[in-house]
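Colleague: Chains as they are written, first to last, in the numbering used here: chain A, 14 to 142; chain B, 325 to 491; chain C, 101 to 454. Ideal Cβ placement from N, Cα and C applies to all residues, glycine included.
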């Protein structure tokens, strides 16, 4: 975190460069279940992720705060927000979550970014056909 | 030369009943630590705990324990120690807690600290002796200890057990 | 063994504050240097339907062309160079290729051709290049950049022949390709298009109205306004239709609108997707300035432009990669007194935006 000011004129032109200053990271994840008819509510999903954190990082990990910003029940796609310091923990526990209610499952991490804006403009979603 | 660096935690096991300390062994302590780490830090902690974690020394009379942790993650493992409330050994559950006295890079520095610590404790407790006779007993016991080189640990054991008597 | 779990990869955010009236403002060059724009989204507070002049801009965005399975050596075609590259500017980027796994190609308006290749392809091609900044330990990706307007790359020249034979007989790189031309449009590309399976696409405009939106109280940029990260977070939340109405104790989410906040009764959010030209974005900015000159309830407009995630270049032809997010976007907040706040963001190993 080193803001480097380059001021040409005090009020007229100001340029600030922020490095690694982002307090949060945002993840777009998608849950893939073996049985596609399984329904999962937003609360279920969050509880499921917390259980994953608990098994990998124990009670300390389960206390990690993250937010479920948006969740689409049809596609099982969710936007998560987590403190930058907790990103690695959350991501690794998502990776190691392998079963939901005795059926195989996997989390696909579609995009991770320090800016929520970046998740709304992913050119990989461009469909032209 | 590069050596693999460790941290040694010098801990004191506090129990309500001193006699139950005698039931303890290395394996029970190590299992208790591992269980506490697994509970507070999950699989990740348990995995860290499986490499180069060791109970180096346990004094069943005084409850002094040396734990060896890898240097890279000792803080994380250390943070699990306060969550130990009991140790299970030989079918018995001994309620206890860990009190960490010192963190050292080698066993030697920990041992030096322990000697200094015990000396302090003795100076602190000696004035509490009720009668002259008690004081003499303690002095005699200390003088009886052999101080021949290489037997330092034994010396400390005596030291500690003297304190126990005073209490 | 154990590593620090708290660390995250690098991210970069440049915040500019200035005024359109200040001669030192570089907004037009900053807009033009991001060549491949994927999405433009606009947030107009206290507005239920876009005024006609803004609507006109949205609907007059240049259309772009998709060519399926085009061999890359076609970009070196003599006729194509003469009619398209030397005259005006061509914007071309490979489509449905992922820069972290596939070979990606971009043709920039200044006539530079940039290829991001994996090691095997690079060695097959046999043209000078340099290792990518996005390598980790071992070099497995290379970047080749050639200037097609350079004299050595003139058709028939040695460099030209080398690249052409490399692409035609050795590497045989084929990919879906998005193309757009300024100012000629489709006419300048017709010759190339006619030889392959192609389709024309209009940028996709969508808009919707938001009601009772809580938004940070944004004043002109001389005043101390909210911190850039929370501002971008809020704009992102609006763009992604994420609710900011949470309490700090709620289980699911504790995202809130930055303080101090106000409520706008309605707001309009418009977004345009496709291969968008910087010239069109620039035209849009001019129209927004014109729009803001009339007195309004809320005196600001926010504009966000996202670059292509898989484009091998971001600003100014600097190398770009994905790693986790591949973000290269800028967000412009324009106030009625002609001042603006510009946030340029990029991630991972990209160089600092201009």
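Taking all protein chains shown into account, decide if residue 329 of chain C is buried (16 or more other Cβ within 10 angstroms of its Cβ) or exposed.
Modeller: buried
Colleague: If you scan the region 281 to 345 of chain C from start to end, which runs of the alpha helix (DSSP H) of 4 or more residues do you find wholly inside it?
Modeller: 286 to 293, 328 to 339
Colleague: For residue 20 of chain A, does the three-state DSSP call read helix, strand or coil?
Modeller: Caution is warranted here: a pLDDT of 41 is assigned to residue 20 of chain A, below 50, making its placement in the model unreliable, and the coordinate value is therefore given only provisionally. Strand at residue 20 of chain A.
Colleague: Would you mind telling me which residues of chain B sit closer than 7 angstroms to residue 68 of chain A, beta carbon to beta carbon, in chain order?
Modeller: 366, 367
Colleague: Quick check on residue 361 of chain C - is its C-beta less than 8 angstroms from some C-beta in chain A?
Modeller: no
Colleague: Can you tell me whether residue 127 of chain A is buried or exposed, with buried defined as 16 or more other CB within 10 angstroms of its CB?
Modeller: buried
Colleague: Quick check on residue 227 of chain C: does DSSP put it in helix, strand or coil?
Modeller: coil
Colleague: Does the contact criterion of 3 or more C-beta pairs under 8 angstroms hold for the region 128 to 142 of chain C versus the region 367 to 380 of chain C?
Modeller: yes
Colleague: How would you list, in chain order, the residues of chain B whose beta-carbon sits under 8 angstroms from the beta-carbon of residue 99 of chain A?
Modeller: Within chain B, no residue comes near residue 99 of chain A; the closest Cβ sits about 13 angstroms away, beyond 8 angstroms.
Colleague: How about residue 448 of chain B: is its C-beta nearer than 8 angstroms to some C-beta of chain A?
Modeller: no
Colleague: Taking only the alpha-carbon atoms, compute the straight-line gap between residue 460 of chain C and residue 419 of chain C and give it to the nearest angstrom.
Modeller: What the structure shows of chain C is the stretch from 101 to 454, and residue 460 of chain C is not part of that stretch, so it cannot be assessed.
Colleague: Under three-state DSSP, which class holds residue 145 of chain A?
Modeller: Any question about residue 145 of chain A goes unanswered here, given that chain A covers just 14 to 142.
Colleague: Check whether the Cβ of residue 362 of chain B lies closer than 8 angstroms to any Cβ atom in chain A.
Modeller: yes
Colleague: Taking a contact to mean a Cβ-Cβ separation below 8 angstroms, would you say residue 401 of chain C touches residue 113 of chain C in this structure?
Modeller: no
Colleague: If you check the beta carbons only, do residue 146 of chain C and residue 287 of chain C fall under 8 angstroms apart?
Modeller: No, the pair does not count as a contact, with Cβ atoms beyond the cut-off.
Colleague: Does the beta carbon of residue 95 of chain A come closer than 8 angstroms to any beta carbon on chain C?
Modeller: no
Colleague: In angstroms, rounded to a whole number, what distance separates the CA positions of residue 405 of chain B and residue 350 of chain B?
Modeller: 16 angstroms
Colleague: Would a check of beta-carbon distances place residue 61 of chain A closer than 8 angstroms to chain C?
Modeller: So no, residue 61 of chain A is outside the interface.
Colleague: Which of the three DSSP states, helix, strand or coil, is assigned to residue 153 of chain C?
Modeller: helix
Colleague: So residue 377 of chain B and residue 392 of chain B are in contact, right, with Cβ under 8 angstroms, and what is the actual spacing, rounded?
Modeller: 7 angstroms
Colleague: Flag residue 233 of chain C as yes if its beta-carbon sits less than 8 angstroms from any beta-carbon of chain A, otherwise no.
Modeller: no
Colleague: With DSSP run on the structure shown, which of helix, strand or coil describes residue 357 of chain C?
Modeller: coil
Colleague: Quick one: Cα of residue 124 of chain A to Cα of residue 383 of chain C, how far?
Modeller: Spanning the two alpha carbons is a distance of roughly 31 angstroms.
Colleague: Within 10 angstroms of its Cβ, does residue 328 of chain B collect 16 or more other Cβ (buried), or is it exposed?
Modeller: exposed
Colleague: Which residue marks the beginning of the beta strand (DSSP E) containing residue 406 of chain B, and which one marks its end?
Modeller: Counting along the chain, residue 406 of chain B falls outside any beta strand (DSSP E), and DSSP gives it neither H nor E.
Colleague: Ordered along the chain, which non-local residues of its own chain (more than five positions away) have a Cβ less than 8 angstroms from that of residue 262 of chain C?
Modeller: 226, 227
Colleague: Over what stretch of residues does the beta strand (DSSP E) that includes residue 187 of chain C continue unbroken?
Modeller: Counting along the chain, residue 187 of chain C falls outside any beta strand (DSSP E), and DSSP gives it neither H nor E.
Colleague: Taking 8 angstroms as the threshold (beta carbon to beta carbon), is residue 48 of chain A in contact with chain C?
Modeller: no
Colleague: Helix, strand or coil: which one does DSSP assign to residue 446 of chain C?
Modeller: Reduced to three states, the DSSP call for residue 446 of chain C is strand.
Colleague: Which of helix, strand or coil does DSSP assign to residue 380 of chain C?
Modeller: Here DSSP, grouped into helix, strand and coil, assigns residue 380 of chain C to helix.
Colleague: For residue 433 of chain B, does the three-state DSSP call read helix, strand or coil?
Modeller: helix
Colleague: Would residue 116 of chain A count as contacting chain B if we go by Cβ distances under 8 angstroms?
Modeller: no
Colleague: Entirely within the region 44 to 73 of chain A and at least 3 residues each: give me those beta strand (DSSP E) ranges in chain order.
Modeller: none
Colleague: Between C/173, C/357, C/411, which lies nearest to residue 208 of chain C when the distance is taken from Cα to Cα?
Modeller: Selected option, being the one with the closest Cα: C/411.
Colleague: Since I believe residue 119 of chain C is in contact with residue 439 of chain C (beta carbons under 8 angstroms), could you give me their beta-carbon distance rounded to a whole number of angstroms?
Modeller: 4 angstroms
Colleague: Does residue 389 of chain C come out as helix, strand or coil in the three-state DSSP assignment?
Modeller: The three-state reading of DSSP puts residue 389 of chain C in helix, counting H, G and I together.
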